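Enquirer:
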Amino acid sequence: MSNKVMQWIDRRFPLTSFVQHDLSEYPTPRNLSYWWNFGSLAGIVLVLQVLTGIFLAMHYKADVNMSFASIQHIMRDVNYGWLLRYMHSTGASAFFLVIFIHMARTLYYGSYRAPRELLWWTGQGLLLLLMGTAFMGYLLPWGQMSFWGATVITNLFRATPFIGDQVVVWLRGDYTVGDETLTRFFALHYLLPFVIIGGVMIHLIALHMVKSSNPSGIDLADKDNIPFHPYFTIKDLYGLGVFLMVYFGFALFFPNLLIEPANNIPANPMQTPNHIVPEWYFLPFYAILRSVPNMVGGVVAMGLSVILFAFMPLLDRSKIPGGALYRPIFRVQFYLFIIDMLILGYIGYVPPTDQTIVIGQIASIAYFCSFFVVPFISTAEEKWLRKRGLPKQVEALIASEELQKAQKKTGGK
Amino acid sequence: MKKHLLTLALCCVTSLSFANEEVKLEKIQVDTSNPAVKRGVEAFMDSCHSCHTLKYIKYQDLVGLGFDKAKVKEWQGDWTLDAPVMGMMPDDGAMAAFGKLPPELSLMARARDGGNNYLYSYLMAYYTGADGVTGNHVFPASKMPDPLGISSATEPAQRAEIAAKAKDIVSFLNWAADPHELERYKLGTYILGYLFVLTSLLFVMKKRIWARLN
Amino acid sequence: MAHDEALGNVGRRDFLFKVTTVVGGVGVAAATVPFITSMNPSADLLAKATTEVDLVGMEPGHMRTVAWQGKPVFVLRRTEEQIKLAVASKGGLEPMADQQRVKQAEWLVVIGVCTHMGCVPNLEGEGWTCHCHGSQYDYSGRVVRGPAGKNLEVPPYHFSAADKLVIGEA
C-alpha cells in the first residue's frame, strides 16, 4: 500500500530520490568533529524560535499603550506563557551562540575557501537577517532598554549621506521611536524569520552542491564518505540532546540572566537609563561603533566589522589544507581574534571611561588588522611551511587531492 | 579550540553580571516558600500599600496565595477581586507630598541591578544622620520615608525583627515579579531529568551505530 | 562511499532503538502541551468568571440582558401569566419541567445563545424567537420549534441577596 502511494507520488514529485540524494544517502565525510553539529543546531533553534514566536504573537499586542502590559499578561496569565516567553528570549541568545560557534568553526578550519565561497556568503546574509530580526524583536517588550536600543540603532542611519535625517524618520515612521515604529517592527519581526527560512534553503542547496567541508580541508575520496543516515542523524540528535539541556537549563533556571533589569521598566521617552547596552551578541560591534570618535566613521566601521567576514575567501591565499589545523600562524591569528572579540565585548558592555575608550580603540584596530593582514600572512606562511617541509600527513592530503582531481578529469573525458 | 569557545560563552555571561557596584548590597537568600510570601503580603499591606500600587497583581491573586476572602476584603475595600492592588494614596496627594508618584512595585524585584538584594539593602539602608535627618545609603535621592523604622531602631531584637520583615517583603515582591518561579524550577527539573535520560540513550545509540564503521 | 550494512539494516531495530524512539516520542508529544494549552482562556479571563446583577427596579415582564463570560444572559422577571404558561407545558423538543429550570419561579435566568448556531434570540410572541433560522423558545427557555434541538442553557447562578443575582460559580 505505502509502496503504491510512494510510486504515485514519485511519478509526480521526486520525493524518494530527494530523500535518498539529500538525506539518507547524502555522502558526508566520516571525520567530522562535533564542531560540525552547530549547523543543524542552528536550524533547530530557528524552528524553536518560530514556534514559540507564533504562539507568543497570539497574545502579544503591538501598541505602545498595551505592549508592556501584554508581555505581563503572557508572563502571568496565559497558560505556560512564561515558558514560551522565556524559551523565546533565551532562544535568541542561543541562536547567536550557536551561529557564532558555527562561524568560528568555519573560520578555524578554513571551510569558507573554494569552492565554498557562496555557502559562506549566503551564511553571511543569514547572519545579517538574524541580527535584524533580533534587533526588531528586542523593541517589542517596550521596556526602557527596548526603546533606547531602538532609538540609538535607528539613529545610526543618520550616517546615510545627504538624506540621513529623512532615512531615520522614514525607518521610524515618526520623529521618535513610537507607535508606528513598534507596529512595523512587529510586522517585520514576524516576516523576517520566514525570509531566513528561505535563506536557509539556499544555504542548504549550496551546501549539497559542494558537500560538507571536513577537518582535513580537502575533498575526501568516496571511501571516506558515509551516508548521512543513520550516522549523522544520530550524531546530530545526540548533539541536540546536549544542547537542549544547556538551553532549558538557562531558560528555566536563569532566564533573567540575559534580560537587563531596565527592560522591566516600561519605556519612557522622557528619560534615558544611566547605562544602556545592547544584547550581548551585539557588544563587540557596538564597541567598535563607540571607539570611532566620528559618528559617520563609527557607523561605517561597525558595518564594515560585520561585512568583513564575507571577504575571508578572497583574503586567505593559502593553499595548505585544513585551515588552522596545519597552519600554526593562522591558528595563533585565530585565537588572537577570538580574544580580541572578547575584549571588544567587554568594552562594549562597560560604561565608557578614558581608559576603556583607549583599550576599545586598540582592540578595534586589532580587529580590522586581523582581517587585512590575512593575504600577506597567508602567502608568507605557505612559503615558509613549504620551505620547512610539510608534515607527511599534509603532503599525503595534498597528493590525494591532486590524484582525485586528475581522476575526475580523466573520468570526465 | 573547545576551551576558547567555552571562555567566550562564559565571559559573555559573567560580564553581564557586572552590575553597577558603587554601593555594596547585602546578599540575602530569598525565602520563596508560601508562608514567607504570605507574611510578605501582610507586611506589604501594613507598610507599603498606603502609597504603592501593584499594577499586575490582582486581589484574586492574593486569594490564590491562600488568604481567605474575608481577609482580602479588608485590603480590597471597594475594588473587585479582579482589580489590581491599588495604592491607597491618590496621585495628587502623592505629588504634593513627594513631588513624584511612588513607583508601582509588581516588577521592582526585577527592575533594579541587584534585584532582591537591592530591595532588601534599600529597605535596611535608612539611617538617622547627626542632624537628625533620615537618609538612605543605597539610594540617597530616595523620597520615600523610612517605611519599616530601621533608622530609629536601636535594640538588636528590634532590628532583627525589622530585618525579618524586610526579607518577607522581598519574598513577596520577588513572587509578584515572577509568580511562576517555583513552577518553573519544578518543570525545569523534570525537563532536565528527561533530557538526561534521552541524551544518554542517544549517546549509546550513537556509539553503537558508529561502531559499525570499523 | 562506505556503503556497509548500516542502511539496509532494518532488522537491527533492537530494544535500545525502540526505547529511544518511545522516549523521544513521548518528549515531543509532551512538548506540544504548553503550546496547545497556551491557546486556552488565560487565568485573568477565568478569574472574571462571575457577573453580579442588581435586580432593583425590575418590574414583572421586564427582561435584562447581561454579559457573563462575554455571553449574553437573559434575566427575565416573569409575570404570573408567563409562569402559568411555563409551568403548564413540558416544553417541546427537549421536554423538561419548569421547576428544574428556575430557582425562584419569578426569575428565569438563561444563556441567550440559540443552541442551533449561536445567534441571540429576541423576546417576542410567547417566548423567544431566533431570527437566524427561526427557532422558538417558550417562557422557560425551552425549545418549541426547530431547527434548534436543545433548550436554552441555564448558567450556574445564585441569589446573594433578595435583589442581587450572581451568575457563575462563586
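If you read the sequences in order, they're chains A, B and C.
First residue of the first sequence: 1, per the numbering used here; consecutive thereafter.
First residue of the second sequence: 1001, per the numbering used here; consecutive thereafter.
First residue of the third sequence: 2001, per the numbering used here; consecutive thereafter.
For every residue, glycine included, the Cβ atom is placed at its ideal position computed from N, Cα and C.
Owing to the predicted nature of the structure, the values given are computational and were not obtained by experimental measurement.
Whose C-alpha, out of Leu56(A), Tyr26(A), Tyr34(A), Ala94(A), is nearest the C-alpha of Leu46(A)?
Expert: Ala94(A)
Enquirer: Under a Cβ-count criterion, where at least 16 other Cβ atoms within 10 Å of its own Cβ denotes burial, should Phe354(A) be classed as buried or exposed?
Expert: The amino acid at residue 354(A) is misidentified as Phe; the sequence shows Asp. The residue is exposed, with fewer than 16 neighbouring Cβ atoms inside 10 Å.
Enquirer: Please determine, among Trp82(A), Phe96(A), Asn264(A), the residue with the shortest C-alpha to C-alpha distance to Pro1179(B).
Expert: Trp82(A)
Enquirer: Below 7 Å on C-beta distance, what does Gln2039(C) contact in chain A?
Expert: Looking at the sequence provided, one finds Met at residue 2039(C) rather than Gln. Here the neighbours are Met58.
Enquirer: Could you name each continuous beta strand (DSSP E) segment of 3 residues or more that falls completely within the stretch 2072-2155 of chain C, going from the start of the chain to the end?
Expert: 2107-2111, 2143-2145
Enquirer: Under 7 Å Cβ to Cβ from Gly123(A), same chain only, skipping five residues before and after it: list those, please.
Expert: His203
Enquirer: In chain B, which residues lie less than 9 Å from Phe2074(C) when you measure between Cβ atoms?
Expert: Going along chain B, no residue has its Cβ under 9 Å from Phe2074(C), so there is no contact; the nearest lies around 23 Å.
Enquirer: Could you have a look at Tyr1126(B) and say whether DSSP puts it in helix, strand or coil?
Expert: strand
Enquirer: Within 10 Å of its beta-carbon, does Gln2100(C) have 16 or more other beta-carbons around it, so buried, or fewer, so exposed?
Expert: exposed
Enquirer: Who are the near neighbours of His2116(C) in its chain, counting only those whose CB is closer than 6 Å to its CB and skipping five residues on each side?
Expert: His2133, Ser2135, Pro2147, Ala2148
Enquirer: Could you confirm whether any beta carbon from chain C is found closer than 9 Å to the beta carbon of Asp1168(B)?
Expert: no
Enquirer: Are the beta-carbon atoms of Tyr1059(B) and Asp1082(B) separated by less than 9 Å?
Expert: yes
Enquirer: How would you list, in chain order, the residues of chain A whose beta-carbon sits under 8 Å from the beta-carbon of Tyr1122(B)?
Expert: Residues of chain A passing the Cβ test: none, with the nearest at roughly 14 Å.
Enquirer: Pull out every residue of the stretch 226-237 of chain A whose Cβ sits closer than 8 Å to any Cβ of chain B, in chain order.
Expert: Ile226, Pro230, Tyr231, Ile234, Lys235, Leu237
Enquirer: By DSSP's criteria, Ile226(A) is part of a beta bridge. Which residues make up the other side?
Expert: Thr28(A)
Enquirer: Once DSSP output is grouped into helix, strand and coil, what is the label at Ile2167(C)?
Expert: strand
Enquirer: Give me the subset of the stretch 136-153 of chain A whose CB atoms are less than 7 Å from a CB atom of chain B, sorted by chain position.
Expert: none
Enquirer: State the Cα-Cα distance for the pair Leu244(A) and Gly2112(C), rounded to the nearest angstrom.
Expert: 50 Å
Enquirer: With distance defined between alpha-carbon atoms, name the residue in Val152(A), Phe157(A), Asn225(A), Thr133(A) nearest to Phe185(A).
Expert: Thr133(A)
Enquirer: Just the chain B side, please: which residues come within less than 7 Å of Thr2032(C) by C-beta, in chain order?
Expert: What Thr2032(C) touches in chain B: nothing, since even the nearest Cβ is about 14 Å away.
Enquirer: Taking its Cβ as the centre, do 16 or more other Cβ atoms sit within 10 Å of Gly110(A), making it buried, or is it exposed?
Expert: Buried is the call here.
Enquirer: Using only the alpha-carbon positions, how far apart do Phe55(A) and Lys408(A) sit?
Expert: 51 Å
Enquirer: Rounding to the nearest angstrom, what Cα-Cα distance links Leu1010(B) and Ile343(A) in this structure?
Expert: With a pLDDT of 45 at Leu1010(B), under the threshold of 50, the predicted position of this residue should be treated as unreliable, and no value is reported.
Enquirer: Whole angstroms are fine: how far does the CA of Pro321(A) sit from the CA of Ile218(A)?
Expert: 6 Å
Enquirer: Closer than 6 Å by C-beta to Val374(A): which residues in its own chain qualify, once you throw out the five before and the five after it? Chain order, please.
Expert: Leu315, Asp316
Enquirer: What residue does the beta strand (DSSP E) around Gly199(A) start on, and which one ends it?
Expert: Here Gly199(A) belongs to no beta strand (DSSP E); instead the alpha helix (DSSP H) covers 179-210.
Enquirer: Taking 9 Å as the threshold (beta carbon to beta carbon), is Glu1021(B) in contact with chain A?
Expert: With a pLDDT of 48 at Glu1021(B), under the threshold of 50, the predicted position of this residue should be treated as unreliable, though the coordinate-derived value follows. Judged by the 9 Å Cβ criterion, Glu1021(B) is not in contact with chain A.
Enquirer: Under a three-way DSSP split, which group does Lys1058(B) fall into?
Expert: Looking at Lys1058(B) - three-state DSSP - the assignment turns out to be strand.
Enquirer: When you compare each of Gln1076(B), Asn1034(B), Ile1028(B), Gly1064(B) to Ser1050(B) by their alpha carbons, which one comes out closest?
Expert: Gln1076(B)
Enquirer: Please compile the residues from chain A whose C-beta is within a distance smaller than 7 Å of the C-beta of Ile1191(B).
Expert: Phe248, Leu252
Enquirer: Buried or exposed, going by whether 16 or more other CB atoms sit within 10 Å of the CB of Met1(A)?
Expert: exposed
Enquirer: Any idea which residues DSSP pairs Pro266(A) with across the strands?
Expert: Gly143(A)
Enquirer: Glu381(A) and Pro328(A) - do their beta-carbons sit closer together than 9 Å?
Expert: yes
Enquirer: Taking Val1197(B) as the query, report the chain C residues whose CB atoms sit under 8 Å from its CB, ordered along the chain.
Expert: Val2023
Enquirer: With a Cβ-Cβ cutoff of 9 Å, do Tyr26(A) and Lys235(A) count as a contact?
Expert: no
Enquirer: Taking DSSP as the reference, what is the three-state secondary structure of Tyr2157(C)?
Expert: strand
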